[in-house]
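**Q**
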Amino acid sequence: MVQFLTTPHGRKIAYHKTEVQGPCVVFLGGLKSDMEGTKAIHLEAWCKAQGRAFLRFDYSGHGESSGRFEEGCIGDWHEDSLEAVNTLIDGPYVLVGSSMGGWQALLLAKAQPDRLAGLVTIAAAPDFTEDSYWAGFSDDQKAALESVGHVELPSDYMEPYIITKRMIEDGRKNLVLRSPMTFDCPVRFLQGTADTAVSTDTAIRLLEHAQGDDIRLTLVKDADHRFSDETCLKLIEEAVLDVINLSR
């Protein structure tokens, strides 16, 4: 049964939590995704079978949480993530971030390094508002951001995204690839080579930027951005189990 958390910013965050042994595995979804996605549900079932604590939730403007997507930005969703782990979890956690959730996981890791027991990302998209959206905008699109306040971008996976001027400007305040990023826990980056939303170049850039004693990137030939077929789901399980076992 879905539960709700009200943040200090007045946002109602929908979540599901399984109370078992820790460290708690936290799934962070992608842009315009929700906690009912294939990876989130599969990982929850796997954690239950393993006897592990698990948390999935919807950012504001996503799924069953309050607000409209067009009103949100990276910083808002980081606040939602912080409130979720601070209020709903005691002790260490393992973050599993998919796409934009990978960026959110990196922001959480920087904010709370002492609580991070392990990190797994799936097609992580750090800094995409700047390096993908803004860098790819035409002069007309940049002008529309100023005059209209937003642009529409097509998606291979759902209806067009509404990208606002606020999202672009806020994204610049939350960039993670422009400053040092060091991990004291095991880290696993997963990436499909057929991903049309996040390139392998992004995954390699993240790998080269991140510093730590146990950081690995796994490239999966022909896997797309969903990364949710049987083989990919098994790889996610193995990565999560790997970082949990190594964190002990």
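Take the sequence shown: its letters are residues 1 to 248, numbered as in the UniProt record's numbering.
Heads up, the beta-carbon is just placed ideally off N, CA and C, and yes, glycines get one too.
Predicted, not measured: the structure shown is a model, and the values here were computed from it.
1) Span of the beta strand (DSSP E) holding Lys-65?
2) Taking contact to mean 3 or more Cβ pairs, one atom from each stretch, closer than 8 angstroms, check whether the stretch 49-64 and the stretch 135-149 are in contact.
3) Taking contact to mean at least 3 C-beta pairs separated by less than 8 angstroms, is the stretch 158-174 in contact with the stretch 113-123?
4) With C-beta atoms as the reference, is Gly-22 less than 8 angstroms away from Pro-126?
5) Taking its Cβ as the centre, do 16 or more other Cβ atoms sit within 10 Å of Glu-44, making it buried, or is it exposed?
6) Considering Lys-12, what are the terminal residues of the beta strand (DSSP E) in which it resides?
7) Give the list of continuous beta strand (DSSP E) stretches no shorter than 3 residues that lie fully inside the stretch 153-178.
8) Where Cys-185 and Val-240 are concerned, what is the direct C-alpha to C-alpha distance, given to the nearest angstrom?
9) Helix, strand or coil: which one does DSSP assign to Ser-228?
10) Roughly how many angstroms lie between the CA atoms of Asn-174 and Trp-103, to the nearest whole one?
11) Do you know offhand how far Val-187's Cα is from Ser-147's?
12) Can you tell me which of the three DSSP states Ala-197 falls into?
13) State buried or exposed for Val-20, treating a residue as buried only when at least 16 other CB atoms are found within 10 Å of its CB.
14) Closest to Thr-87 by C-alpha separation, out of Ser-132, Lys-17, Trp-134, would be which residue?
15) Tell me the DSSP secondary structure of residue 249 in three-state form.
16) DSSP three-state call for His-9: helix, strand or coil?
17) Starting from Gly-102 and walking both ways along the beta strand (DSSP E), at which residues does that stretch end?
18) Do you know how far the Cα of Ser-179 is from the Cα of Gln-211?
19) Give the single residue among His-9, Leu-107, Thr-38, Tyr-133 whose Cα lies nearest to the Cα of Ile-236.
20) Assuming the contact rule is C-beta atoms closer than 8 angstroms, Gly-75 and Asp-170 should be a hit. Round their C-beta distance to whole Å, please.
21) Taking buried to mean at least 16 other C-beta atoms within 10 Å of its own C-beta, is Leu-246 buried or exposed?
**A** In brief:
1) In the sequence as presented, Lys is not what sits at residue 65; that position holds Ser. It is not in any beta strand (DSSP E) - Ser-65 carries neither H nor E in the DSSP assignment.
2) Contact between the stretch 49-64 and the stretch 135-149 is not established, with fewer than three Cβ pairs separated by less than 8 angstroms.
3) No contact exists between the stretch 158-174 and the stretch 113-123.
4) Contact flag unset, no.
5) By the neighbour-count rule (16 or more Cβ atoms within 10 Å), Glu-44 is buried.
6) Element bounds for Lys-12: 12-18.
7) Listed in chain order, the beta strand (DSSP E) elements of length 3 or more contained wholly in the stretch 153-178 are 161-164.
8) Going by the C-alpha atoms only, they are around 12 angstroms apart.
9) Of the three classes helix, strand and coil, the one that applies to Ser-228 here is coil, per DSSP.
10) Between Asn-174 and Trp-103, the C-alpha separation is close to 9 angstroms.
11) Put simply, the backbone Cα of Val-187 is about 42 angstroms away from that of Ser-147.
12) Coil.
13) Val-20 is exposed by the Cβ-count criterion.
14) Considering only alpha carbons, the answer is Lys-17.
15) The chain is shown only over 1 to 248; residue 249 falls outside these bounds and no answer can be derived.
16) For His-9, the three-state secondary structure derived from DSSP is coil.
17) That residue, Gly-102, is in no beta strand (DSSP E); its alpha helix (DSSP H) goes 100-111.
18) For Gln-211 and Ser-179, the gap between their C-alpha atoms comes out near 11 angstroms.
19) Nearest of His-9, Leu-107, Thr-38, Tyr-133 to Ile-236, Cα basis: Thr-38.
20) Contact between Gly-75 and Asp-170 holds, since their C-beta atoms are separated by about 5 angstroms, short of 8 angstroms.
21) In this structure Leu-246 is exposed. Its beta-carbon is surrounded by fewer than 16 other beta-carbon atoms within 10 angstroms.
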